[in-house]
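*Asks:*
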């Protein structure tokens with residue numbers, strides 16, 4: 175699968191656009207999307223800011239015509255110029271035409287050269303119809319067009335508008351048409367071990383066009399009992415987990431679906447690979463890994479599903495007993511409460527984890543006891559618990575992409591289950607406080623994610 179060009183925005187930005195572009199007078203209206211970009215190779219424009227063009231500033235507005243005010247474009251150029259951002263000139267089609275008109279083509283030929291003269295880079299135009307559907311296209315400096323295959327809106331629900339209108343209305347969950355849509359999408363799994371391998375298996379069999387696998391670790395005998403598709407041969411040869419898993423996927427989906435990345439998500443390679451995806455699954459057992467997943471979500475406008483399982487123990491007489499068997503699934507949207515906002519980690523716990531890691535033996539023992547808290551278990555038999563959590567995580571994505579819940583998705587941004595207590599709880603978005611002005615759509619701005627450790631290395635000058 176060749177990753178498709180895309181324009182992505184948050185649901186709040188989309189609502190803002192819809193309200194402004196359709197004021198109720200039946201005339202076209204205008205806005206300018208100020209966008210960051212992913213580092214590539216995939217072309218993804220990420221809406222950082224929306225500049226609403228006042229209706230009265232347009233010299234002429236009709237049901238099928240709009241005259242762009244030069245001052246609005248100049249303001250957008252000023253906002254974008256210092257950070258090498260892209261502009262997408264957007265207007266409404268009150269009549270419902272889901273296509274660019276000949277008048278749109280003529281208008282682009284007049285306005286785009288001035289933008290390229292001021293900014294260079296990659297810019298485009300977009301239209302919106304009264305139902306909120308959007309179509310976009312990009313231009314090179316030579317005014318050659320680059321079709322944008324989809325416009326994505328990330329919110330409580332996940333919405334894609336496809337340029338070919340193949341899926342209109344939205345597909346029903348669990349149908350063949352939903353599978354066809356998944357074939358156009360790319361998912362990324364961070365951590366392809368006990369839980370991550372089960373998530374990746376579902377994604378591959380559900381029909382995702384591409385499943386990016388990020389993990390630096392190798393298969394060992396002690397984890398053969400919980401890494402699906404792993405073999406004794408993989409453990410003997412100490413093969414990277416992602417390579418072993420990708421080969422298994424190739425046997426039933428063909429080559430190229432599973433994309434193995436033998437790197438840590440804390441590395442530049444790992445972050446760049448994750449930035450290409452349409453949805454992100456975090457299946458890591460470290461807090462700094464979750465912090466990076468949080469930052470990828472907000473920086474690249476990628477919805478994130480994070481999974482955690484645990485089996486706390488307690489003292490019982492002279493032995494140890496199971497206190498709880500539990501799991502947690504969090505759905506995170508770029509402009510909503512992050513994992514940090516939800517208390518999954520904080521600066522103190524990140525620092526404590528770092529200090530423990532510097533004592534390698536102690537940290538290894540803690541990782542081995544990551545499932546059974548209080549017991550140093552070399553090969554915990556937890557595949558059934560992992561399956562329960564992995565299934566809930568993938569169903570969480572399906573519920574967002576093709577809604578099937580009786581309650582709105584905003585009522586369930588966290589799922590917590592207790593198998594020992596036979597309970598399941600759903601926590602709403604309103605239960606968490608998000609930062610008032612959390613930065614989003616950082617894109618390819620260096621250093622990646624705002625982390626100096628991910629700064630692109632500069633070539634050394636000849637001595």
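Numbering (this note's numbering), first residue to last: 175 to 637. Every residue gets a Cβ at the ideal spot worked out from N, C-alpha and C, and that includes glycine.
1. Ends of the beta strand (DSSP E) at residue 223?
2. If you draw a straight line from the C-alpha of residue 370 to the C-alpha of residue 528, how long is it?
3. Below 6 angstroms CB to CB, which residues in the same chain sit around residue 463 once its five sequence neighbours on both sides are set aside?
4. Under the three-state reduction of DSSP, which class applies to residue 603: helix, strand or coil?
5. Is residue 194 helix, strand or coil by DSSP?
6. Shortest alpha-carbon distance to residue 247 belongs to which of 266, 227, 238 and 237?
7. So does the segment 451-468 actually touch the segment 362-382, counting three or more Cβ pairs closer than 8 angstroms?
8. Check whether the Cβ atoms of residue 306 and residue 185 lie closer than 8 angstroms to each other.
9. Quick check on DSSP: helix, strand or coil for residue 320?
10. Pairs of beta-carbons, one from the segment 494-513 and one from the segment 476-486, closer than 8 angstroms: are there three or more?
11. Determine whether the beta carbon atoms of residue 564 and residue 481 lie at a separation below 8 angstroms.
12. Exposed or buried, which one is residue 675 when buried takes at least 16 other CB atoms within 10 Å?
13. Can you have a look at residue 455 and say buried or exposed, based on whether 16 or more other CB atoms are within 10 angstroms of its CB?
14. Locate the alpha helix (DSSP H) running through residue 246, then write down its first and last residues.
15. DSSP on residue 392, reduced to helix/strand/coil?
16. Whole angstroms is fine: what's the gap from residue 606's alpha carbon to residue 584's?
17. Quick one: what's got a C-beta closer than 8 angstroms to residue 239's C-beta in the same chain, skipping five residues either side?
18. If you reduce the DSSP assignment to three classes, tell me which class residue 353 lands in.
19. Would you mind sorting residue 318 into buried or exposed? The rule is 16 or more other CB atoms within 10 Å of its CB.
20. Would you kindly work out how many angstroms separate the C-alpha atoms of residue 187 and residue 265, rounded to a whole number?
21. Just the Cα atoms here: how many angstroms apart are residue 401 and residue 435?
22. Report yes or no: do three or more beta-carbon pairs, one from the segment 343-351 and one from the segment 571-580, lie closer than 8 angstroms?
23. When the Cα atoms are used, what is the spatial distance from residue 637 to residue 216?
24. Short check: CB of residue 210 to CB of residue 259, under 8 angstroms?
25. Could you give the uninterrupted runs of the alpha helix (DSSP H) lying entirely in the segment 274-320, keeping only those of 4 residues or more?
26. Along the beta strand (DSSP E) that carries residue 183, what are the first and last residues, could you check?
27. From residue 377 to residue 492, what does the alpha carbon distance come to, in whole angstroms?
28. Residue 180 and residue 640 - do their beta-carbons sit closer together than 8 angstroms?
29. Whose C-alpha, out of 553, 218, 468 and 532, is nearest the C-alpha of residue 518?
30. Going straight from the alpha carbon of residue 386 to that of residue 566, what length do you get?
31. Give me the Cβ distance between residue 415 and residue 367, rounded to the nearest whole Å; I'm assuming they're in contact under 8 angstroms.
32. Rounded to a whole number of angstroms, what is the C-alpha to C-alpha distance between residue 151 and residue 461?
33. If you reduce the DSSP assignment to three classes, tell me which class residue 519 lands in.
34. Along the chain, where does the alpha helix (DSSP H) that runs through residue 444 open and close?
35. Are the segment 414-428 and the segment 385-399 touching, with three or more C-beta to C-beta distances below 8 angstroms?
36. What are the uninterrupted segments assigned as alpha helix (DSSP H) that are 4 or more residues long and contained completely in the segment 361-420, given in chain order?
*Replies:* So, from the data block:
1. From DSSP, the beta strand (DSSP E) with residue 223 extends over 218-226.
2. Cα to Cα, the separation comes out at about 23 angstroms.
3. Spatial neighbours of residue 463 in its own chain (CB-CB distance under 6 angstroms, excluding positions within 5 residues in sequence) are listed in chain order as 439.
4. The DSSP-derived three-state label of residue 603 is helix.
5. Residue state, collapsed to three classes: helix.
6. Selected option, being the one with the closest Cα: 227.
7. Taking a contact to require three or more Cβ pairs closer than 8 angstroms, the segment 451-468 and the segment 362-382 qualify as touching.
8. Result no, Cβ atoms of residue 306 and residue 185 do not sit closer than 8 angstroms.
9. Secondary structure at residue 320: strand, using DSSP grouped into helix, strand and coil.
10. Touching, per the Cβ criterion.
11. Pairing residue 564 with residue 481 gives a Cβ-Cβ distance under 8 angstroms.
12. Given a span of 175 to 637 for the chain in the structure shown, any question on residue 675 remains unanswerable.
13. For residue 455, the number of other beta carbons within 10 angstroms of its own is at least 16, and it is reported as buried.
14. Unbroken alpha helix (DSSP H) run through residue 246: 244-255.
15. Looking at residue 392 - three-state DSSP - the assignment turns out to be strand.
16. Put simply, the backbone Cα of residue 606 is about 12 angstroms away from that of residue 584.
17. Within its own chain, the residues whose Cβ lies closer than 8 angstroms to the Cβ of residue 239, once the five positions on either side in sequence are excluded, are 202 and 277, listed in chain order.
18. Note: residue 353 maps to helix in three-state DSSP.
19. Counting Cβ neighbours within 10 Å, residue 318 comes out exposed, since fewer than 16 surround it.
20. Straight-line spacing of the CA atoms in residue 187 and residue 265 works out to 14 angstroms.
21. Going from the Cα of residue 401 to the Cα of residue 435 covers about 17 angstroms.
22. Contact between the segment 343-351 and the segment 571-580 is established, with three or more Cβ pairs separated by less than 8 angstroms.
23. Low confidence applies here, because residue 637 scores a pLDDT of 42, under 50, leaving its location unreliable and the question unanswered by this model.
24. Contact: yes.
25. You should have 276-293.
26. Residue 183 -> beta strand (DSSP E) spans 180-184.
27. One alpha carbon belongs to residue 377, the other to residue 492, and they sit about 44 angstroms apart.
28. The structure shown does not extend to residue 640, since the chain spans only 175 to 637, so no value can be given for it.
29. Ranking 553, 218, 468 and 532 by Cα distance to residue 518 puts 468 first.
30. A straight-line Cα-Cα distance of about 20 angstroms links residue 386 and residue 566.
31. Indeed, because the Cβ distance is near 6 angstroms, the residues count as touching under 8 angstroms.
32. Lying before the first or after the last residue shown, residue 151 is absent from the chain, which here runs from 175 to 637.
33. Residue state, collapsed to three classes: coil.
34. In the DSSP assignment, residue 444 falls within the unbroken alpha helix (DSSP H) covering 442-448.
35. These segments touch.
36. Counting only runs of 4 or more, we get 370-380 and 406-410.
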